[in-house]
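In this note's numbering, the protein residues as written are 1011 to 1203.
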């Protein structure tokens, strides 16, 4: 009893400081545990989906941890970002593409659409290297796509993005539409002659 009275009377500030310090530590541990639980739940939800493979993780400019998920089925190739923010089925930042092969021309991969959800947070720049790396494992000779007149309002941003990732970008003379191309493999028939 006397010991508690002495501690409470003479060391009250020190005891309160210690209590707040350790209370803060406990709260930090709880927050980290909640984040890990959320990440584990997210991983489980991804792996439940057929043909979904987690191929990487990164942090975007919003300081948000994102998981890079690859989905390949038949000729369809999708690379998507999942996170706490991007977990609904229709709001994943993603690159959607198709593998095209015919007897008349070399096989190639066509970018059908890129959905970034939030502009200028680096989601497209996280996805593109994974997409290109995967495309290089195929027998496709190049990646191509169209810049639609629907996206005319942000052609400058699109041009910068594609050039940053090694694509050639060409526009029509009135800059109302355009095309992109990334060469994956050089044709070696000339060097064999």
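No residue lacks a Cβ here, since even glycine has one placed at the ideal position from N, Cα and C.
Keep in mind the model is a prediction, meaning the values are calculated, not measured.
The continuous beta strand (DSSP E) containing residue 1178 extends over residues 1178–1181.
Taken atom to atom, the span from the alpha-carbon of residue 1113 to that of residue 1075 is near 43 angstroms. Around the CB of residue 1070, 16 or more other CB atoms lie within 10 Å, so the residue is classed as buried. Per the DSSP secondary-structure output, residue 1039 pairs with nothing in a beta bridge. Residue environment for residue 1134: buried (at least 16 other C-beta atoms within 10 angstroms of its C-beta).
Assigned with DSSP and collapsed to three states, residue 1090 falls in strand. Relative to the Cα of residue 1120, the nearest Cα in the group 1129, 1062, 1093, 1190 belongs to 1190.
Residue 1089 is not a Cβ neighbour of residue 1061, given a cutoff of 7 angstroms. Taken through DSSP and simplified to helix, strand or coil, residue 1024 comes out as helix. In this chain, residue 1157 is not harboured by any alpha helix (DSSP H); it is covered by the beta strand (DSSP E) spanning 1152–1157.
In the structure shown, residue 1077 falls within a strand segment according to DSSP collapsed to helix, strand and coil. Secondary structure note for residue 1188: its beta strand (DSSP E) is the uninterrupted segment 1188–1193. In terms of CA proximity to residue 1149, 1116 leads the group 1029, 1078, 1116, 1105. Per DSSP, residue 1141 has no beta-bridge partner at all. Cα atoms of residue 1032 and residue 1131: separation of roughly 36 angstroms, rounded to the nearest angstrom.
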